[in-house]
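Structure, as structure tokens:
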Amino acid sequence: MRSFKKEYGKYSQLMGSNSGFGWDANTKRFVADDEVWEECFRAHPNQTSIREMKQNRIPRASETTNQARIMEIISLTLSSIATDFRGIHSLLEKRDKDRERQNSIWDAIMETPNLDEPAHYQAIALLDTKTKKDAFLKMSPEERSNWIHYNLK
1020 MRSFKKEYGK YSQLMGSNSG FGWDANTKRF VADDEVWEEC FRAHPNQTSI REMKQNRIPR
1080 ASETTNQARI MEIISLTLSS IATDFRGIHS LLEKRDKDRE RQNSIWDAIM ETPNLDEPAH
1140 YQAIALLDTK TKKDAFLKMS PEERSNWIHY NLK
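Counting in the numbering used here, the sequence shown runs from 1020 upward without gaps.
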């Protein structure tokens, strides 16, 4: 609406005074002699773009409605994309937490006393469920050692 008022002000200023300006229907531009343009630009130095102004620069109501509809569709699409990215982000965070957890399980196995190298690898095979992994991490190093030896028998 503001751009319409602004454009209307420019048009009415040119046509209102009837001081040598006219409208060329073929080119759809304002026309005037060069002297008239020079005088207009001296009086309004910030309005030099008026000379190139076309009728089509003022959007019609149907175009404005279409633009609003298009903007709404774009907004909904961007919102959907943002939601998808949030989902991807949470999946990546979960994957990172799982990796950290795997590293902490390996660290816990390595800190467990009385285990030789083959026992370290066998202990990993014993921890095949989330429940077992959680319980293993809650145990003290001595309890871990006893649990591993018990399950390897």
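Ideal placement from N, C-alpha and C gives every residue a C-beta, glycine not left out.
{"Item": "Cβ-Cβ separation, A1142 to I1167 (assumed contact under 8 Å), whole Å", "Value": "5 Å"}
{"Item": "Distance between I1107 and I1124 (C-alpha atoms, nearest Å)", "Value": "26 Å"}
{"Item": "Helix, strand or coil at R1076 according to DSSP, with G and I counted as helix", "Value": "Summary for R1076: the model assigns pLDDT 48, below 50, so the residue's position carries little reliability; its value from the coordinates is reported in the next sentence. Three-state DSSP puts R1076 in a helix."}
{"Item": "Nearest-angstrom beta carbon gap, N1170 and L1145 [assumed within contact, 8 Å]", "Value": "5 Å"}
{"Item": "T1131 in three-state terms, based on DSSP", "Value": "coil"}
{"Item": "H1173, DSSP secondary structure in three states", "Value": "Any answer about residue 1173 is impossible in this case: the structure gives the chain only from 1020 up to 1172."}
{"Item": "Proximal residues to R1163 (C-beta, below 6 Å), its chain only, five neighbours per side dropped", "Value": "T1131"}
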